[in-house]
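Student: Starting off with a structure, shown below.
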Amino acid sequence: MARAFHAAAAASPAAVASPSPLPSKTTGAWGSTGGIANLQWLLRKRASKVRHGGGMSPLGQEPPEDEGNYDDDDEAASMFAGATPYYDAAATPCRRRRGEAAVTRLRAAILAVVARARRGGKGKSSSPLGSRSCVTGTIFGRRRGRVHVALQADPRAPPAMMVELAAYSTGALVREMASGLVRIALECEKTPQPAAAGGGQQQSKRRRRALVEEATWRAYCNGRKCGYAVRRECGAEDWRVLRAVEPVSVGAGVLPDDHAGGATPAAAGEGDMMYMRAKFERVVGSRDSEAFYMVNPDGGAGTGPELSIYLLRV
Numbered sequence: 099m100a101r102a103f104h105a106a107a108a109a110s111p112a113a114v115a116s117p118s119p120l121p122s123k124t125t126g127a128w129g130s131t132g133g134i135a136n137l138q139w140l141l142r143k144r145a146s147k148v149r150h151g152g153g154m155s156p157l158g159q160e161p162p163e164d165e166g167n168y169d170d171d172d173e174a175a176s177m178f179a180g181a182t183p184y185y186d187a188a189a190t191p192c193r194r195r196r197g198e199a200a201v202t203r204l205r206a207a208i209l210a211v212v213a214r215a216r217r218g219g220k221g222k223s224s225s226p227l228g229s230r231s232c233v234t235g236t237i238f239g240r241r242r243g244r245v246h247v248a249l250q251a252d253p254r255a256p257p258a259m260m261v262e263l264a265a266y267s268t269g270a271l272v273r274e275m276a277s278g279l280v281r282i283a284l285e286c287e288k289t290p291q292p293a294a295a296g297g298g299q300q301q302s303k304r305r306r307r308a309l310v311e312e313a314t315w316r317a318y319c320n321g322r323k324c325g326y327a328v329r330r331e332c333g334a335e336d337w338r339v340l341r342a343v344e345p346v347s348v349g350a351g352v353l354p355d356d357h358a359g360g361a362t363p364a365a366a367g368e369g370d371m372m373y374m375r376a377k378f379e380r381v382v383g384s385r386d387s388e389a390f391y392m393v394n395p396d397g398g399a400g401t402g403p404e405l406s407i408y409l410l411r412v
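Each number in our numbering comes from the position in the sequence shown (counting from 1) with 98 added on.
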């Protein structure tokens, strides 16, 4: 008994035909024994189908041999196709449509951001200086006369802001700058918004005056009150001074009287026309606060800008 069991165990596995229709593990997916077993299983299935009437034609006759071969081929193809990975062809168009929809939404969001930025750059800022971060500043006046401060978006453009310090002379400002840093602060009162006539919200949202368009200011120089400042329009004498210093980007000096429009008897007693011209970096804190820092021509090394101008609405 033990000898017979040992002889059966030593027999080759290839000699035993597998009754399963699936490929044998020992012979491989396309081994000879596995292929014969699959073929025998298909033939038995076809014979059983014919006996049960499943393969009969509408006239009660057996289908031609070629047609049976076609059916066997279809069954074999379906069997082998089941062993391949599942691939849904209908899912690919759906995935493509979802990708196109995502790209469309992203493109619409980018265009909306660009359009909002363009509208903000053109219409959001009501200041005559617009959204410029660097302006040209000119401080001029007679030595014993009043100080004039002009801020221009462009050296050839009319001043966006021009104020006159009524109680501060140009000579005093020059001496202050020679001793150290100068901080000029201009404060104005915040005017209340007028009430709407018919209770409408559109009239209550009337555009507030830009900060550089305020008419009257309280002036401070290095923390000390120095009277008040008044906004004024650029007159003929002011234009002659600005035209004379237009080629100057950074500098200071004294203008002769012929460039300053001639010395009137009143102006002759106030001394020479002095000026200082430089670039100012503009920093907007809010609708009620702006700052202008003079850009040092030597690179800005040291304690900071020599002259700073602050505009506040309180």
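Just so you know, even glycine gets a beta-carbon here, dropped at the ideal spot from N, CA and C. Note that the coordinates shown come from a computational prediction; the quantities given were computed from them, not determined experimentally.
For D396, I'd like the list of residues in its chain whose CB is within less than 8 Å of its CB, leaving aside the five on either flank, ordered along the chain.
Tutor: Excluding positions up to five away in sequence, the list is empty.
Student: So R254 packs on E344, CB below 8 Å; how close in whole Å?
Tutor: That belief holds up - the Cβ atoms of R254 and E344 are roughly 7 Å apart, short of 8 Å.
Student: State the Cα-Cα distance for the pair G235 and L271, rounded to the nearest angstrom.
Tutor: If you take the alpha carbons of G235 and L271, they lie about 15 Å apart.
Student: Going by C-alpha distance, which of R411, L409, Y391 and G369 is nearest R242?
Tutor: It is G369.
Student: Using a 10 Å radius around the Cβ and a threshold of 16 neighbouring Cβ atoms, would you call T289 buried or exposed?
Tutor: Looking at its Cβ environment, which holds fewer than 16 other Cβ atoms inside 10 Å, T289 is exposed.
Student: Within the continuous beta strand (DSSP E) that includes L271, where are the two ends?
Tutor: Taken as a continuous stretch (DSSP letters only), L271 belongs to no beta strand (DSSP E), being part of the alpha helix (DSSP H) at T268 to S277.
Student: For G269, which residues in the same chain have their Cβ closer than 7 Å to its Cβ, ignoring the five residues on either side in sequence?
Tutor: Closer than 7 Å at Cβ, skipping near neighbours: R241 and R242.
Student: With H, G and I counted as helix, E and B as strand and the rest as coil, what does DSSP make of E287?
Tutor: In the structure shown, E287 sits in coil (DSSP, three-state: anything other than H, G, I, E or B).
Student: Distance, Cα to Cα, T124 vs L141?
Tutor: Residue confidence for T124 is low, a pLDDT of 44 falling below 50, so the modelled location carries little weight; the figure read from the coordinates is stated next. Computed Cα separation, rounded: 23 Å.
Student: Whether or not the stretch 248-263 and the stretch 226-235 are in contact is what I'm after, with contact meaning three or more pairs of Cβ atoms, one per stretch, closer than 8 Å; do they touch?
Tutor: Yes, they touch.
Student: Relative to the C-alpha of K377, which candidate in Y408, E388, V393 and E262 has its C-alpha closest?
Tutor: Per the Cα distances, V393.
Student: Within the continuous alpha helix (DSSP H) that includes L340, where are the two ends?
Tutor: It spans A334 to A342 - the alpha helix (DSSP H) in which L340 sits, taken as one unbroken run.
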